[in-house]
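Notes follow once the structure below has been shown.
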Amino acid sequence: MSEFLTTPEGRRIAYDRIGGRTPGVVFLGGFKSDKEGTKALALEAWAKAAGRAFLRLDYSGHGQSSGEFLDGAIGDWFEDARAAITALTEGPQVLVGSSMGGWIALLMAREMPEKVAGLVTIAAAPDFTEDGMWGAFSEDQRRELMEAGRVALPSDYSDEPYIITRRLIEEGRGRLVLRRPLDLPFPVRMLQGTEDADVPLAVAVRLIEHVMGPDIRLIVVKGADHRFSTPDCLKLIELSVVKVLARLEGGAG
């Protein structure tokens with residue numbers, strides 16, 4: 001049964017949490033996804049079996065949380081994650097960020113490094129509102145967005161189109177992480193599939209070339225798509241978390 005947290009900004013955030021050893025693990029989902037997704041539940045099952053503290057949450061406008069999706073932006077969802085991690089976890093956490101959740105995890109590492117013990121990203125999509133959306137829009141789409149306040153994009157995951165709002169694009173410009181140096185002074189494992197139609201491999205390469213840190217690795221899976229949810233991919237996520245924890249606890253990773 002989900003519990004709820006009211007953030008300092010007044011948003012009501014749904015979450016599921018289990019107790020266990022620290023550092024705990026926090027799963028941060030993607031754009032329009034929720035905490036009941038395959039990767040979140042698989043990682044929670046691993047955490048239960050391992051006796052590891054674990055947290056998953058719905059950003060505002062997602063899943064069971066308050067608010068409308070179209071009213072939200074990257075900064076809102078970062079604030080939701082920051083509030084949940086601050087209020088609901090003890091000490092630094094290993095953040096597992098999927099797609100947009102990878103961007104939010106990187107924002108956490110920049111804004112609250114004392115709460116980040118390690119990082120695992122899955123098809124991370126940093127700065128996607130600027131580089132993947134605005135940068136790819138036609139002049140007609142840009143004009144529609146600016147004049148009407150929104151533009152519709154086809155979705156590979158639903159019959160309903162993605163509605164992209166002007167606020168999502170403009171607010172995102174204040175949250176970009178690839179425009180200035182980003183230090184990640186802890187174990188980082190980045191996972192990426194070669195058949196990802198939403199986040200190309202080039203994004204993962206750009207990210208690993210951009211960030212700085214002593215223990216950062218990119219693992220590329222030939223044939224994996226953006227969902228990264230096959231049994232083998234789920235096992236790789238689990239193993240990556242185990243290796244980050246092992247590095248933090250003095251073992252080989």
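Here full-length UniProt numbering is used: position 105 in the sequence shown is 105, and no number is missing along the way.
Glycine residues also receive a C-beta, built at the ideal position from the N, C-alpha and C atoms.
- Out of curiosity, what's the CA-to-CA distance linking E79 and L57? If you take the alpha carbons of E79 and L57, they lie about 12 Å apart.
- Item | G29 versus D16: straight-line alpha-carbon distance, rounded | For G29 and D16, the distance between alpha carbons rounds to 13 Å.
- Inter-stretch contact at 8 Å, needing at least 3 Cβ pairs: the stretch 210 to 222 / the stretch 167 to 184: Yes: at least three Cβ pairs fall under 8 Å.
- Please indicate yes or no: does the CB of R247 lie closer than 7 Å to some heavy atom of the ligand NAD? Inclusion of the ligand NAD in the displayed structure is not the case, the ligand content being empty and no account of it being possible.
- Message: As a quick exercise: from K32, T7 and V94, pick the residue whose alpha carbon is nearest that of P23.
- Response: It is V94.
- Message: Report the CB separation of S65 from I13 in whole angstroms; it is logged as a contact under 8 Å.
- Response: Confirmed, about 5 Å.
- Query: Grouping DSSP H, G and I as helix and E and B as strand, with all else coil, what is D198?
  - Reply: Correct three-state label for D198: coil.
- Just reading off the alpha helix (DSSP H) that L178 is part of, what are its end residues? Element bounds for L178: n/a, residue is neither H nor E.
- Query: Do A83 and L168 have their C-beta atoms closer together than 8 Å?
  - Reply: With respect to L168, A83 sits apart: the two C-beta atoms are not nearer than 8 Å.
- Query: Between the C-alpha atoms of residue 307 and G102, what's the straight-line distance to the nearest angstrom?
  - Reply: The requested residue 307 is not part of the displayed model; the chain covers only 1 to 253.
- Query: Using the C-alpha atoms, what's the distance from A152 back to A53?
  - Reply: Cα-Cα distance, rounded: 39 Å.
- Message: Using the three-state DSSP reduction, which class does V116 fall into: helix, strand or coil?
- Response: Per DSSP, reduced to three states, the secondary structure at V116 is strand.
- Neighbour-count burial assignment, D196, 16 or more Cβ in a 10 Å radius: Buried is the call here.
- Task: Classify R11 as buried or exposed, calling it buried when 16 or more other Cβ atoms lie within 10 Å of its own Cβ.
- Result: Counting other Cβ atoms within 10 Å of its Cβ, R11 reaches 16 or more and is therefore classed as buried.
- Item | Supposed close pair L107, V177 - CB separation, criterion 8 Å | Contact flag correct, Cβ pair sits at about 6 Å.
- Within this structure, are the beta carbons of A42 and L218 separated by less than 8 Å? Against a cut-off of 8 Å, the Cβ pair of L218 and A42 comes out as no contact.
- Item | Span of the beta strand (DSSP E) around G101 | If you look at G101, you'll find it isn't in any beta strand (DSSP E); it sits in the alpha helix (DSSP H) that goes M100 to E111.
- Query: Can you tell me whether A125 is buried or exposed, with buried defined as 16 or more other CB within 10 angstroms of its CB?
  - Reply: Answer is buried; the Cβ neighbour count reaches 16.
- Which word fits P92, buried or exposed, when buried means at least 16 other C-beta atoms lie within 10 angstroms of its C-beta? It counts as buried.
- Query: Just curious, the beta strand (DSSP E) that V26 is in, first and last residue?
  - Reply: Going by DSSP, V26 is part of the beta strand (DSSP E) stretching over R21 to L28.
- Report all residues from its chain with a CB closer than 8 Å to the CB of E44; omit the five preceding and five following residues, and keep chain order. Around E44: D16, I18, F27, F54 and R56.
- Answer with buried or exposed for D156, where buried requires no fewer than 16 other C-beta atoms within 10 angstroms of its C-beta. The residue in question, D156, is exposed, as its Cβ has fewer than 16 Cβ neighbours within 10 Å.
- Taking only runs that begin and end inside the stretch 130 to 180, name each unbroken beta strand (DSSP E) of 3 or more residues, in chain order. Complete beta strand (DSSP E) runs here, min 3: 150 to 153 and 162 to 165.
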